[in-house]
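In my numbering, the protein residues as written are 290 to 423.
Ideal Cβ placement from N, Cα and C applies to all residues, glycine included.
Read through the structure below, which is laid out as structure tokens, and then see the notes.
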């Protein structure tokens, strides 16, 4: 078993994972008394942190720095989980698993590309979710 979502072992399986975990998002709304304020605040932090992480992760993938790949993938995986961004969490888990020596059928560059795409999907979907619940 890898660090990716259960049952997600290969990049082409990533599309089976929903972009958002609506149950996790409902819990965040509930924690904010049913209003999107807490989710908006978390989204602000998420959007502020991720581009810098993605840039550093790109550099680490290019240079083959497995420690940095592991650390940043782990951080993205955690923040994605907090935000209910399940596909991004799974993509980060796949790259983190690669960095710790778990076999992968894809190169780190392909895994990074999947992670980047999952981030964009999550960012857009979260924005729509917040707008719908504001």
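Buried or exposed: residue i, going by 16 or more other Cβ atoms within 10 Å of its Cβ?
i	result
residue 356	exposed
residue 339	buried
residue 407	buried
residue 396	exposed
At the level of alpha carbons, what is the spacing between residue i and residue j?
i	j	result
residue 323	residue 418	13 Å
residue 423	residue 328	10 Å
residue 386	residue 420	34 Å
residue 293	residue 371	Residue placement at residue 293 is poorly supported in this model, since its pLDDT is 45, which falls under 50; the coordinates still yield a value, given next. When rounded, the distance between both Cα atoms is 15 Å.
residue 398	residue 350	6 Å
residue 306	residue 378	10 Å
residue 400	residue 360	15 Å
residue 441	residue 346	Outside the displayed span of the chain (290 to 423) sits residue 441, for which this structure offers no information.
Starting from the C-beta of residue i, find all residues in its chain whose C-beta is less than 8 Å away, skip the five residues before and the five after it, and write them out in chain order.
i	result
residue 332	372, 415, 416, 419
residue 411	308, 309, 369, 372, 374, 376, 377
Leaving aside the five residues before and after residue i along the sequence, list all residues of the same chain whose C-beta is less than 6 Å from its C-beta, in chain order.
i	result
residue 321	327
Which runs of the alpha helix (DSSP H), 4 residues or longer, sit entirely within the region 298–380? 311–320, 326–352, 355–372
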